[in-house]
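Scroll down for the structure; my scribbles are underneath it.
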Amino acid sequence: MPKKQDYVIAWIDIKGQHFEILVKPDEAFKFKEGEKVSISDVLWSDTVYKDVRKGLKASPEAIKKAFGTDDINSIAERILKEGQIQITEEERRKIIEMKRRQIITYIARNAVDPKSGSPIPEQRIENLFEELRIGVDPFRPVEQQALEAIKKMATVIPIKIARALVEVTIPPEFAGRAIGEVKRLGDVKKTTWLDDGSLKVELEIPAGMQLEVIDKIQGLTRGQAQINVKVSSQ
68 MPKKQDYVIA WIDIKGQHFE ILVKPDEAFK FKEGEKVSIS DVLWSDTVYK DVRKGLKASP
128 EAIKKAFGTD DINSIAERIL KEGQIQITEE ERRKIIEMKR RQIITYIARN AVDPKSGSPI
188 PEQRIENLFE ELRIGVDPFR PVEQQALEAI KKMATVIPIK IARALVEVTI PPEFAGRAIG
248 EVKRLGDVKK TTWLDDGSLK VELEIPAGMQ LEVIDKIQGL TRGQAQINVK VSSQ
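In my numbering, each number is its position in the sequence shown, counted from 1, plus 67.
Here is the structure:
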């Protein structure tokens, strides 16, 4: 049996039967959150147990009846998606705090005040988490929980997911050097070289990132770029 710190137990109850598998913690958490991770990279072993600690394996008949297959990859995928992963309280606290920061960052980058189109500071979002007692699930996807949190926040402040179209005109002396960096800042919708050598670029970005993107563009052009931002709610 591998050392305890090398694996965690994922489990599920189906039709009155209990099943457990051994999985690698980091890979299992990533898979649980919807990241693209191969099941073969998640599994520590290809054995399905009734009780890992007692070394009791599940019978082939019980496995087939519960899962409808004896393919370990299909079985493990269902356990990870529908079941639970056992972790210590300390591990759980760390994962929840990490997920909380990710959710707050997602909201700050993607949401705005729909009345003004202005981004909402991370500290304000963090304060709302406390005020509204918004819970965090260590295993559910960040985007899903962020959208639910925004609905709760919308009961006390104007907030909505939005995209921003940033229209940038870069002077000729900076256009050649800046074009590559500017294109990496968002989803390029259109580029136009003007008669005077200036470059006009239309970028679509998460609305909460507009100040960050503007700062980067002005840094590339020594503050000489012309920038216009249009925010549209989703």
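C-beta: ideal position from N, C-alpha, C; glycine also.
Note down, in chain order, each residue of its chain lying with its Cβ closer than 6 Å to the Cβ of Ser112, except the 5 sequence neighbours on either side. Position 45 of the sequence shown, counting from 1, holds the residue named residue 112. Excluding sequence neighbours, Ser112 sits near Leu89.
Our contact map puts Ile226 next to Asp180 with C-beta atoms below 8 Å; I'd like the distance itself, whole angstroms only. As a first step, residue 226 is located in the sequence shown; it is residue number 159 there, counting from the start. As a first step, residue 180 is located in the sequence shown; it is residue number 113 there, counting from the start. About 7 Å; that satisfies the 8 Å criterion.
Taking the DSSP output, what are the residues bridged to Ser299? Within the sequence shown, residue 299 is the residue found at index 232, counting from 1. The beta-bridge partner set that DSSP reports for Ser299 consists of Arg230.
Per DSSP, Val179 forms a beta bridge with which residues? Walking along the sequence shown from the start, residue 179 turns up at place 112. Per DSSP, the beta-bridge partners of Val179 are Pro186, Lys227.
Looking at C-beta atoms only, is the number of pairs between the segment 231-251 and the segment 266-280 that lie closer than 8 Å three or more? Touching, yes, given that three or more Cβ pairs across the two stretches are closer than 8 Å.
From Val223, Ile79, Phe241, Gly83, residue whose alpha carbon lies closest to that of Val119: One-based indexing of the sequence shown puts residue 119 at position 52. For Val119, the nearest C-alpha among the options comes from Ile79.
Cut-off 7 Å between Cβ atoms - residues of its own chain near Lys219, not counting five sequence neighbours on either side: Along the sequence shown, one-based indexing puts residue 219 at 152. Leu199, Ile201.
Asp73 by DSSP, collapsed to three states: which one? Taking the first residue of the sequence shown as 1, we reach residue 73 at position 6. Residue state for Asp73 is assigned as helix, using DSSP reduced to three classes.
With a CB to CB cut of under 7 Å and the five nearest residues on each side skipped, what residues in its chain are close to Ala95? Walking along the sequence shown from the start, residue 95 turns up at place 28. Only Val75, Ala77, Val109, Leu147, Ile152 meet the Cβ criterion.
From the DSSP output, read off the bridge partner residues of Leu270. Against the sequence shown, residue 270 aligns to sequence position 203. Per DSSP, Val233, Val255.
Grab me the residues of Ile81's own chain with a C-beta within less than 8 Å of its C-beta, minus the 5 sequence neighbours each way, in chain order. Position 14 of the sequence shown, counting from 1, holds the residue named residue 81. Correct list, in chain order: Ala133, Phe134.
Would you give the residue range spanned by the beta strand (DSSP E) that Ile201 belongs to? As a working note, residue 201 is residue 134 in the sequence shown. Ile201 -> no beta strand (DSSP E), and no H or E assigned at all.
With distances taken Cα to Cα, identify the nearest neighbour of Lys121 among Gly253, Phe86, Arg207. As a first step, residue 121 is located in the sequence shown; it is residue number 54 there, counting from the start. Measuring from the Cα of Lys121, the nearest candidate turns out to be Phe86.
Just to confirm the assignment: which complete beta strand (DSSP E) runs, minimum length 3, are found wholly within the segment 115-189? The beta strand (DSSP E) runs lying completely inside the segment 115-189 and spanning 3 residues or more are 116-118, given in chain order.
Taking the straight line between their C-alpha atoms, what separation do you get for Ile170 and Asp263? Mapped onto the sequence shown, residue 170 falls at position 103. Mapped onto the sequence shown, residue 263 falls at position 196. Distance between the alpha carbons of Ile170 and Asp263: 44 Å.
Are the Cβ atoms of Val223 and Gly253 separated by less than 8 Å? As a working note, residue 223 is residue 156 in the sequence shown. As a working note, residue 253 is residue 186 in the sequence shown. No, these two residues do not count as a Cβ contact at 8 Å.
Under the assumption that Ala125 contacts Lys117 (Cβ atoms under 8 Å), give the Cβ distance between them as a whole number of angstroms. Looking up residue 125 in the sequence shown gives position 58. Looking up residue 117 in the sequence shown gives position 50. So it is a contact: roughly 5 Å between Cβ atoms.
Going by C-alpha to C-alpha distance, which of Lys166, Lys257, Thr258, Ala242 sits closest to Ala216? Counting from one through the sequence shown, the residue named residue 216 turns up at place 149. Out of Lys166, Lys257, Thr258, Ala242, Lys166 has the C-alpha closest to the C-alpha of Ala216.
Residue range of the unbroken beta strand (DSSP E) whose run includes Glu87: Looking up residue 87 in the sequence shown gives position 20. Run containing Glu87: 84-90, per the beta strand (DSSP E) assignment.
Counted within 10 angstroms of its Cβ, other Cβ atoms place Thr259 as buried (16 or more) or exposed: In the sequence shown, the residue the question calls residue 259 occupies position 192. Burial call: exposed.
Three-way DSSP call (helix, strand, coil) for Asp263 in this model: As a working note, residue 263 is residue 196 in the sequence shown. In the three-state scheme derived from DSSP, where H, G and I count as helix and E and B as strand, Asp263 is classed as coil.
Pair within 8 Å by beta-carbon distance, Pro208 and Ala274: For the purposes of this step, residue 208 is taken as residue 141 along the sequence shown, with counting starting at 1. For the purposes of this step, residue 274 is taken as residue 207 along the sequence shown, with counting starting at 1. Contact flag unset, no.
Beta carbon of Ala245, beta carbon of Leu287: below 8 Å? Here residue 245 corresponds to residue number 178 of the sequence shown, with the count starting at 1. Here residue 287 corresponds to residue number 220 of the sequence shown, with the count starting at 1. Yes, they are a contact pair.
Just tell me which of Met276, Gln285, Thr172 has its CA closest to the CA of Phe241. Along the sequence shown, read from residue 1 onward, the residue named residue 241 stands at position 174. Checking every option, the nearest Cα to that of Phe241 belongs to Gln285.
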